[in-house]
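Participant: Okay, here's the structure, questions in a sec.
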Amino acid sequence: MTTNGAARRVDQFTLENGLRLVTAPASTPQVAAVNLWYGVGSRFEVPGRTGFAHLFEHLMFQGSGNVAKGEHFDAVERLGGDINASTSTDRTNYYETVPEHALDLVLWLEADRMATLREGMTQEVLDNQRDVVKNERRQRYDNQPYGTALERILRLAYPEGHPYHHATIGSMADLDDADLDYVLDFHKRHYGPDNAVLTIVSNLDPQDVRERVERHFGAIPARPEAAEAPDAALAGLIGGPVAEHAVETVPAPGVFLGYRVAPYGERDFDVMHLASAVLGQGQGSRLYRRLVLERGLAADDGGAAADLLPFRYTPSLMLVNMIAREGVSGDELEAAMIEEIGTLAEGVSDEELERARAVLERDHMQSLSHPSGLADAIGSCTQLFGDPELAFTWPQRWSTVTAEDVVDLAKRLLVPENRLSVRFDPEPVGEPAA
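Have a look at this one:
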């Protein structure tokens, strides 16, 4: 067992089967937050088999060897608890926040579907959830204004065949081709204790929590063979400028710009995180002041025009997106955005940098202020970096970034050779969609 010394914020333990347990005290009494991170996301998928990590997020709630379909949700919600899951490129996580006295129930539910999900999997369940995911794709991507922006961005940012070339949702064709044998094998290859981090935030004694976890998870065997992700190594700039233009049913022109930056966790990522905050996070940011308030070119987004898409195992993306105001063309807005982004290479004031740090630190501390957010941050840092205490150190990392760091990185990366552009323009009035 290891701790962080006198503060004792975090305790860690690894079971014999490889499951990593991390505990931390909760700021809210009588509440337990459980967060289970599996090291599987869409980066493990190959062409023709996309969307399986996200499909599995749904299948994990459809019954297991000892729990009927829907009972996992019902059991937690009857206690007044919160429950959900999410999938990204680098992980899938399942999380519950419940009264402290219900911790054993949640641990049993999570252990049961880790160990016995394949026993409850049927063709009927697969068909049903495949249709649910396909409908989700229609609602969130295909039938949503600007909904395909992320897919288009990823296709431009990462070459065909690269594990980050496709969106987590997957394609309709690949979802149609999902078969039961492959789904069962997917669980066997990825959903084992040796590929998981279990984080529990509560006010229970860490030794007590460890004993409960041993009781529920200790007998689950590790995977027979660890799954390997396709090679995600990628060097250099995008090779741009590259662009994609779509004419769709959208209310106004929309411009999405992207720049390839350092992988999540590297210092250059931290520098670019601050650069994105200077540019487009908060109502004091450059893009909001210049393009929304002063020039009136972009719709009021409250100061949410720029952010980083964090990827741990390949270069991340800095994304900048804005929607044009009435009467403003996509060309005019895009040119203004590119011009404003270019000003970062000309200089950043200390005042701007302090404001950016304050914005990032506020958001970070808010995420740690409740048990579920703290459990998620600790689980993330343990799964992706092997260091749960990293969750507490981002503000210190940002504090070492200087204005010169931001300017130097902007000169290297925020350049046409590293830029992608996805533009949406409304269909001409009176003409049907192509």
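Residue numbers (this note's numbering): 293 to 726.
By construction, the Cβ of each residue, glycine as well, lies at the ideal position given by its N, Cα and C atoms.
This structure is a prediction, so every number in the text was calculated from the model and none was measured.
#1: Residues in the same chain with beta-carbon distance under 6 Å from Thr342, minus the five sequence neighbours each way, listed in chain order, please.
#2: Between Asp560, Met564, Ala597 and Arg559, which lies nearest to Gln575 when the distance is taken from Cα to Cα?
#3: Would Asn487 pass as a contact of Pro321 if the rule is Cβ separation under 8 Å?
#4: By Cβ distance, which residues of its chain are closer than 6 Å to Pro522, with the 5 residues on each side in sequence left out?
#5: Taking its Cβ as the centre, do 16 or more other Cβ atoms sit within 10 Å of Gly333, making it buried, or is it exposed?
#6: Can you tell me the Cβ-Cβ gap for Asn327 and Gly671, rounded? I've got them flagged as a contact below 8 Å.
#7: Select from Arg405, Gln304 and Gly439 the residue whose C-alpha is nearest the C-alpha of Gly362.
#8: Pull up the DSSP beta-bridge partners for Met629, would you.
#9: Ends of the beta strand (DSSP E) at Asp374?
#10: When the Cβ atoms of the segment 507 to 526 are set against those of the segment 688 to 698, are three or more pairs found closer than 8 Å?
#11: Helix, strand or coil, according to DSSP, for Val721 in the structure here?
#12: Please say whether Ala544 and Ile615 have beta carbons closer to each other than 8 Å?
#13: What first and last residue would you give for the beta strand (DSSP E) that runs through Gly550?
#14: What would DSSP say about Met406, mapped onto helix, strand or coil?
#15: Pull up the distance between the alpha-carbon of Phe305 and that of Ala518, whole angstroms please.
#16: Taking the alpha carbon of Thr692 as the point to measure from, which residue in Glu646, Tyr330, Arg301 and Gln436 has its own alpha carbon closest?
#17: Using the Cα positions of Gly412 and Ala345, report the straight-line distance between them to the nearest angstrom.
#18: Measure the C-alpha to C-alpha separation of Asn420 and Val338 and round it to an integer number of angstroms.
#19: Run through DSSP, which three-state label would Arg481 get?
#20: Between Gly484 and the rest of its own chain, which residues show a CB-CB distance below 6 Å, the 5 nearest in sequence each way excluded?
#21: Could you pull the start and end residues of the beta strand (DSSP E) that Thr674 belongs to?
#22: Does the Cβ-Cβ distance between Ala669 and Leu660 come in under 8 Å?
#23: In this structure, does DSSP put Phe353 in helix, strand or coil?
#24: So what does Met614 bridge to, in DSSP terms?
#25: Within 10 angstroms of its Cβ, does His482 collect 16 or more other Cβ (buried), or is it exposed?
#26: Look up Tyr386 in the DSSP assignment and give the residues it is bridged to.
#27: So for Ser641, helix, strand or coil by DSSP?
#28: Does the beta-carbon of His393 have 16 or more other beta-carbons within 10 angstroms, so that it is buried, or is it exposed?
Facilitator: Taking the definition as stated:
#1: As a first step, residue 342 is located in the sequence shown; it is residue number 50 there, counting from the start. Taken in chain order, the residues that qualify are His458, Gly462, Ser463 and Asp466.
#2: Locating residue 575 in the sequence shown gives position 283, where the first residue counts as 1. Taking only the C-alpha atoms, the option nearest Gln575 is Ala597.
#3: Stepping through the sequence shown from its first residue, residue 487 is reached at position 195. Stepping through the sequence shown from its first residue, residue 321 is reached at position 29. No, they are not a contact pair.
#4: The sequence position of residue 522 within the sequence shown is 230, counting from 1. Same-chain partners within the cutoff: Pro455.
#5: The residue labelled residue 333 in the question sits at position 41 within the sequence shown. Gly333 comes out buried.
#6: Here residue 327 refers to the residue found at position 35 of the sequence shown. Here residue 671 refers to the residue found at position 379 of the sequence shown. About 5 Å; that satisfies the 8 Å criterion.
#7: Your numbering for residue 362 matches position 70 in the sequence shown. Looking at the Cα atoms, Arg405 is the closest of the given residues.
#8: Taking the sequence shown and counting its residues from 1, the one referred to as residue 629 is at position 337. Answer by DSSP bridge pairing: none, since Met629 is not bridged.
#9: For the purposes of this step, residue 374 is taken as the residue at position 82 of the sequence shown. Looking at the DSSP string, the run of the beta strand (DSSP E) that includes Asp374 is Asp374 to Thr379.
#10: no
#11: Within the sequence shown, residue 721 is the residue found at index 429, counting from 1. DSSP, reduced to helix, strand and coil, places Val721 outside both helices and strands of the structure shown, so it counts as coil.
#12: For this step, residue 615 is matched to residue 323 along the sequence shown. For this step, residue 544 is matched to residue 252 along the sequence shown. For the 8 Å CB-CB criterion, Ile615 and Ala544 form a contact.
#13: The residue given as residue 550 occupies position 258 in the sequence shown. Its beta strand (DSSP E) spans residues Gly546 to Val553.
#14: Counting from 1 along the sequence shown, the entry for residue 406 is found at position 114. The DSSP-derived three-state label of Met406 is helix.
#15: Here residue 305 corresponds to residue number 13 of the sequence shown, with the count starting at 1. Here residue 518 corresponds to residue number 226 of the sequence shown, with the count starting at 1. Distance between the alpha carbons of Phe305 and Ala518 is about 21 Å.
#16: As a working note, residue 692 is residue 400 in the sequence shown. Of the candidates Glu646, Tyr330, Arg301 and Gln436, the one whose C-alpha sits nearest the C-alpha of Thr692 is Glu646.
#17: Along the sequence shown, read from residue 1 onward, the residue named residue 412 stands at position 120. Along the sequence shown, read from residue 1 onward, the residue named residue 345 stands at position 53. Roughly 18 Å between the two C-alpha positions.
#18: As a position in the sequence shown, residue 420 is number 128, starting the count at 1. As a position in the sequence shown, residue 338 is number 46, starting the count at 1. Roughly 23 Å between the two C-alpha positions.
#19: Here residue 481 corresponds to residue number 189 of the sequence shown, with the count starting at 1. Arg481: helix per DSSP, three-state reduction.
#20: By 1-based counting over the sequence shown, the position of residue 484 is 192. These residues qualify, in order along the chain: Ala514 and Arg515.
#21: Numbered from 1 along the sequence shown, position 382 holds the residue referred to as residue 674. Taken as a continuous stretch (DSSP letters only), Thr674 belongs to no beta strand (DSSP E), being part of the alpha helix (DSSP H) at Pro663 to Phe677.
#22: Numbered from 1 along the sequence shown, position 377 holds the residue referred to as residue 669. Numbered from 1 along the sequence shown, position 368 holds the residue referred to as residue 660. Yes, Cβ-Cβ distance for Ala669 and Leu660 is below 8 Å.
#23: The count along the sequence shown starts at 1 and reaches residue 353 at position 61. Residue state for Phe353 is assigned as coil, using DSSP reduced to three classes.
#24: Mapped onto the sequence shown, residue 614 falls at position 322. Note: Met614 sits in a beta bridge opposite Val547.
#25: As a position in the sequence shown, residue 482 is number 190, starting the count at 1. Looking at its Cβ environment, which holds 16 or more other Cβ atoms inside 10 Å, His482 is buried.
#26: Mapped onto the sequence shown, residue 386 falls at position 94. Note: Tyr386 sits in a beta bridge opposite Leu328 and Ala377.
#27: Sequence index remark: in the sequence shown, residue 641 carries index 349 (1-based). Three-state result, Ser641: coil.
#28: Along the sequence shown, one-based indexing puts residue 393 at 101. With fewer than 16 Cβ atoms within 10 Å of its Cβ, His393 is classed as exposed.
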